[in-house]
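According to this note's numbering, the sequence shown is numbered sequentially starting from 873.
By construction, the Cβ of each residue, glycine as well, lies at the ideal position given by its N, Cα and C atoms.
Model, not experiment: these values are computed from the prediction.
Some notes on the structure that comes next.
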Amino acid sequence: MTASGSVERPTREPPTRQERIPLAILYMIGAGAVFAFSSALSKVLVETYPVGEVLFTRALGGLIACSLFILPAAGLAVFYTRRPGAHLIRGASQTCSQSLLLIAFSMMPLASATAINFSSPLFATLASAYFLKEPVGAARWAALLAGFLGVLIVTNPGADTFQLGAMFALGNALLFGTVTAGVRGMTATESSDTLTMYQLLMLSFVYALSLPFAFVTPTWSDAAWLMLNGGANGVAQYWWTRAIHMAPTAAVVPFQYLTLVWAIGFGFAIWGDVPTASLLLGSAIVVGSGLFLLWRESRHGRAPAVTK
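So, in C-alpha cells, the structure goes:
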C-alpha cells in the first residue's frame, strides 16, 4: 500500500527469454506423448458425453492441475499482463481449434485425425517467418518438409480422405499453426506461466457456456477419467508452451510429428486399428526428420539469452 493509501498493483518484470533448443525439444516430445494420451481418452469419452462437456472438463482439469504448481510459486501476479487483447485472440482461436479437433476425433480414427493435424507445423513455420521474421534455414525447412511428406504417406490423400471429419481436422491444423506463431510472438513479454493460465482460464469459461445446452451427468468413475483427461491436457499445454517459449518455432514444431507414433499405439491398443504399411513408412520418415533436427540443434548448442 502506498503513502496515499492506494493499493499497488502487483507487477512483474518482463521474463527473460532464453533460447535453449535441446531442452525445448524434450518438452515438445513430452507434450506430444501426453497430448496423444489425452486425445485418445477424449475420443473414448466423447462417445458418451457431449463435445462441449468433454472440452470443459479438459480445460477445467488442466486449470486446476496447473494452478497447483504455478500459483504457489508465482501468486496472483501471474495474471498481470501487458497484452490482454492478444490473450483474448489466442483464447478465441484455441477455443475453435480444440472444438474442431475433438469433433474430428469423434468422426474418424485417432491416427488419421492426428496425421492431418500435422499440417499445422507448416502453417506455424510460414506464419512465424512472415509475422515474426524468424529465420528458418535450409536444414529446418528440409526436416519440416520431410516430416510433412511422411504425413502425406500416412494419410494417402485422395477423394476418400477429405471426408467431413478430415475437414474439421484440417481446420484445426490451420488455427493451431497460427496460434503457435502467435504464442511465440507473445513470449517476448509473457511468461510460460501467464500464457498457460490465461489460456486454460479462458477455455474453461467459454466451454462452461455450452453446458446448459448439452450435459450428461457422469458416473463417479467417468468423472475421474474426465478430470484425469483435464490434468493430462494441462500438463501437456504447459510443456508445449515452455517449448515454444524456449526455442524458435521452426526448431521445435517438427517434433509434434512424434505424437503420431503415440496415436498409432493408442489406436491399436484401444480400437484395434492395425498400422498399415504406409502408416509405418510415413511414421519412420517423421521420426527420422525429428531425430535429424535434434542432432543438428544439439550440435549448435544454446543461443544467447534474449531479453525484451
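{"Query": "Compute the Euclidean distance between the alpha carbons of Val-1182 and Ala-1018, then round it to the nearest angstrom.", "Result": "This structure cannot speak to residue 1182, because the chain is shown only from 873 to 1180."}
{"Query": "Would you kindly report the start and end of the unbroken alpha helix (DSSP H) that includes Tyr-1110?", "Result": "1092-1118"}
{"Query": "Let's test the definition: count the other Cβ atoms within 10 Å of the Cβ of Phe-1142 and tell me whether it reaches 16, buried, or not, exposed.", "Result": "The sequence as given places Ile at residue 1142; Phe does not occur at that position. Burial call: exposed."}
{"Query": "Indicate whether Phe-1040 and Pro-922 have their beta-carbon atoms separated by less than 8 Å.", "Result": "no"}
{"Query": "For Gly-1144, does the three-state DSSP call read helix, strand or coil?", "Result": "coil"}
{"Query": "Beta carbon of Val-916, beta carbon of Ala-1104: below 8 Å?", "Result": "no"}
{"Query": "With DSSP collapsed to three states, give me the class of Arg-892.", "Result": "coil"}
{"Query": "What residues in its chain sit with their C-beta under 6 Å from that of Ala-1096, if we drop five residues either side in the sequence?", "Result": "none"}
{"Query": "Measuring only the C-alpha atoms, how far is Arg-1114 from Met-979?", "Result": "31 Å"}
{"Query": "By Cβ distance below 6 Å, which residues in the same chain neighbour Ala-1135 in space, the five residues on each side in sequence not counted?", "Result": "Ala-908, Leu-982, Ala-983, Thr-986"}
{"Query": "From this set, Gly-1057, Tyr-1110, Leu-974, Leu-1036, which residue's C-alpha is nearest Leu-1072's C-alpha?", "Result": "Tyr-1110"}
{"Query": "Cα separation between Thr-1052 and Met-1118?", "Result": "13 Å"}
{"Query": "To test your reading of the DSSP string, which unbroken alpha helix (DSSP H) runs of 4 or more residues are found completely within the segment 942-998?", "Result": "956-979, 982-989"}
{"Query": "Grab the span of the alpha helix (DSSP H) containing Thr-920 for me, first residue to last.", "Result": "That residue, Thr-920, is in no alpha helix (DSSP H); it is neither H nor E in DSSP."}
{"Query": "Relative to the C-alpha of Ala-1001, which candidate in Asp-1145, Trp-1013, Trp-1092 has its C-alpha closest?", "Result": "Trp-1013"}
{"Query": "Let me know if Thr-1148 comes out buried or exposed under the rule of 16 or more other beta-carbons within 10 Å of its beta-carbon.", "Result": "exposed"}
{"Query": "Do you know offhand how far Gln-966's Cα is from Leu-913's?", "Result": "19 Å"}
{"Query": "Go ahead and label Phe-1003 buried or exposed: buried means 16 or more other beta carbons lie within 10 angstroms of its beta carbon, across all protein chains shown.", "Result": "exposed"}
{"Query": "According to DSSP, is Val-842 helix, strand or coil?", "Result": "With the chain covering 873 to 1180 only, the question about residue 842 has no answer from this structure."}
{"Query": "To the nearest angstrom, report how far apart Ser-1076 and Leu-935 are at their CA atoms.", "Result": "8 Å"}
{"Query": "Note the first and the last residue of the continuous alpha helix (DSSP H) segment covering Phe-1077.", "Result": "1064-1080"}
{"Query": "Could you give the distance in angstroms between the alpha-carbon of Ser-1093 and the alpha-carbon of Asn-1101?", "Result": "12 Å"}
{"Query": "Just to confirm, are Ala-903 and Ala-1108 a CB contact at a threshold of 8 Å?", "Result": "yes"}
{"Query": "Quick one: Cα of Thr-1068 to Cα of Leu-1081, how far?", "Result": "21 Å"}
{"Query": "When burial is assigned at 16 or more other CB atoms within 10 Å of the CB, is Leu-1047 buried or exposed?", "Result": "buried"}
{"Query": "Trp-1112: beta carbon under 7 Å from a heavy atom of the ligand NAP?", "Result": "The ligand content of the structure shown is nil, which means the ligand NAP is not present either."}
{"Query": "Quick one: what does DSSP say Trp-1167 is sitting in, helix, strand or coil?", "Result": "helix"}
{"Query": "Which first and last residues belong to the alpha helix (DSSP H) in which Val-1124 is found?", "Result": "1121-1124"}
{"Query": "Mapping the DSSP letters down to three states, classify Ala-1011 as helix, strand or coil.", "Result": "helix"}
{"Query": "With 16 other CB atoms within 10 Å as the buried threshold, where does Ala-1031 fall?", "Result": "Unreliable positioning characterises Ala-1031 in this predicted model, as indicated by a pLDDT of 47, which lies under 50. A coordinate reading is not provided."}
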